[in-house]
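Everything on this sheet refers to the single structure shown next.
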Amino acid sequence: MFMRKSLTSIILAATMIAMPVAAVAQADADRTPDALEMSIDENIATPAVPSKARTYVRTAVDQLRRMLLRSGMSVESMRDGEVLEITLSCTSLFAPGATDLKKSGTDLLKPLATVVREPSKYKVLVAVHTDDTGDTMYADSITAARANAIDDCLWTMAGERDTNVVPYGLGRDEPRVPNNSRSNREINRRVEIYIVPDDGLLEMAGVRRKK
64 MFMRKSLTSI ILAATMIAMP VAAVAQADAD RTPDALEMSI DENIATPAVP
114 SKARTYVRTA VDQLRRMLLR SGMSVESMRD GEVLEITLSC TSLFAPGATD
164 LKKSGTDLLK PLATVVREPS KYKVLVAVHT DDTGDTMYAD SITAARANAI
214 DDCLWTMAGE RDTNVVPYGL GRDEPRVPNN SRSNREINRR VEIYIVPDDG
264 LLEMAGVRRK K
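Letter by letter, the sequence shown follows residues 64 to 274 of this note's numbering.
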């Protein structure tokens, strides 16, 4: 038996086929990229904070910076005070060659619990680097595994809920100093955590972003 629903489906399908290519392209261009689809540099830069929200956002981020400093973390402001960068040595978080966090490493991350429990307000980007010991495949593998271990730890701290954490294993390609001594290689084995204001904080500042 021919159903009216089938006829409706055919008409809708025909309409979709007839949709102008330009309209589809524009819709895709207007879509806000997902954080997991972006490079770390793109994530650090996104979203841009509108001028009318900057005072509110910078004040909130500075209060967070002060709290993290009191906890003993090494924190620096960037993007005109809108983004925070935390740097930790891999040695403080992981045993040599290991990809599981040490107990003391988990304790070092505890101050971030308040951030990951409010995933609408902040993105947390976890970038893990290593030195030039071993080949590229090894460097990529160990940094990716360590980034995922930190992601899992923060997820647990958030009560096993969504955290808006984006992990990056960046291998050995971005050394801070030449890998020409033991001390320099230890500097290059590091974790950089970026805290970036997101839509929830912008909405608190009176801004609604187009989705």
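Note that beta-carbon positions come from the ideal geometry of N, C-alpha and C, so glycine has one too.
Remember, predicted model here, so these are calculated numbers, not experimental data.
Residue i and residue j look like a contact to me (Cβ under 8 Å); what is the Cβ gap, rounded to whole Å?
{"i": "residue 165", "j": "residue 156", "result": "6 Å"}
{"i": "residue 234", "j": "residue 116", "result": "That pair is no contact at about 36 Å."}
{"i": "residue 227", "j": "residue 173", "result": "Not a contact, Cβ separation roughly 18 Å."}
{"i": "residue 149", "j": "residue 141", "result": "Contact doesn't hold; Cβ gap of about 11 Å is too wide."}
{"i": "residue 231", "j": "residue 107", "result": "11 Å between Cβ atoms; not a contact."}
{"i": "residue 261", "j": "residue 183", "result": "6 Å"}
{"i": "residue 124", "j": "residue 132", "result": "Contact flag wrong, Cβ pair sits at about 13 Å."}
For residue i, count the other beta carbons within 10 Å of its own beta carbon; 16 or more makes it buried, fewer makes it exposed. Which is it?
{"i": "residue 92", "result": "Low confidence applies to residue 92: its pLDDT is 43, below 50, so where it sits in the model is not reliable, and the reading given next is rough at best. It is exposed - the Cβ of residue 92 has fewer than 16 other Cβ atoms within 10 Å."}
{"i": "residue 240", "result": "exposed"}
{"i": "residue 194", "result": "buried"}
{"i": "residue 99", "result": "exposed"}
{"i": "residue 271", "result": "exposed"}
{"i": "residue 113", "result": "exposed"}
{"i": "residue 168", "result": "buried"}
{"i": "residue 111", "result": "exposed"}
{"i": "residue 128", "result": "buried"}
{"i": "residue 256", "result": "buried"}
{"i": "residue 78", "result": "Low confidence applies here, because residue 78 scores a pLDDT of 40, under 50, leaving its location unreliable; read the following figure in that light. Per the 10 Å Cβ criterion, exposed."}
Out of the options, state which residue places its alpha-carbon closest to the alpha-carbon of residue i.
{"i": "residue 126", "options": "110, 171, 191, 147", "result": "147"}
{"i": "residue 200", "options": "144, 236, 254, 252", "result": "236"}
{"i": "residue 248", "options": "222, 224, 152, 168", "result": "152"}
{"i": "residue 264", "options": "132, 145, 134", "result": "145"}
{"i": "residue 210", "options": "97, 128, 254", "result": "254"}
{"i": "residue 251", "options": "192, 105, 259", "result": "192"}
{"i": "residue 134", "options": "109, 118, 170", "result": "170"}
{"i": "residue 266", "options": "198, 105, 119", "result": "119"}
{"i": "residue 190", "options": "229, 154, 131", "result": "229"}
{"i": "residue 244", "options": "154, 196, 222, 130", "result": "196"}
{"i": "residue 105", "options": "188, 246, 224, 238", "result": "188"}
{"i": "residue 154", "options": "246, 259, 258", "result": "246"}
The ligand COA heavy atoms versus the CB of residue i: any closer than 7 Å?
{"i": "residue 192", "result": "The ligand COA is absent from the structure shown, which contains no ligand whatsoever."}
Stretch-stretch touch, CB-based, cutoff 8 Å, three pairs: the region 179-187 with the region 204-224 | Flag = yes, the region 179-187 and the region 204-224 touch.
Three or more beta-carbon pairs under 8 Å between the region 203-212 and the region 151-168, yes or no?
-> Between the region 203-212 and the region 151-168, the count of Cβ pairs shorter than 8 Å is three or higher; the stretches touch.
Return the chain-ordered ranges of every beta strand (DSSP E) run that is complete within the region 205-249 and spans a minimum of 3 residues.
-> Listed in chain order, they are 228-232.
Entirely enclosed beta strand (DSSP E) segments - the region 88-158, minimum 3 residues | Whole beta strand (DSSP E) segments, 3+ residues: 138-141, 146-152.
Note down, one range per segment and in chain order, each alpha helix (DSSP H) of at least 4 residues found wholly within the region 171-196.
-> List check, alpha helix (DSSP H) in window: 176-179.
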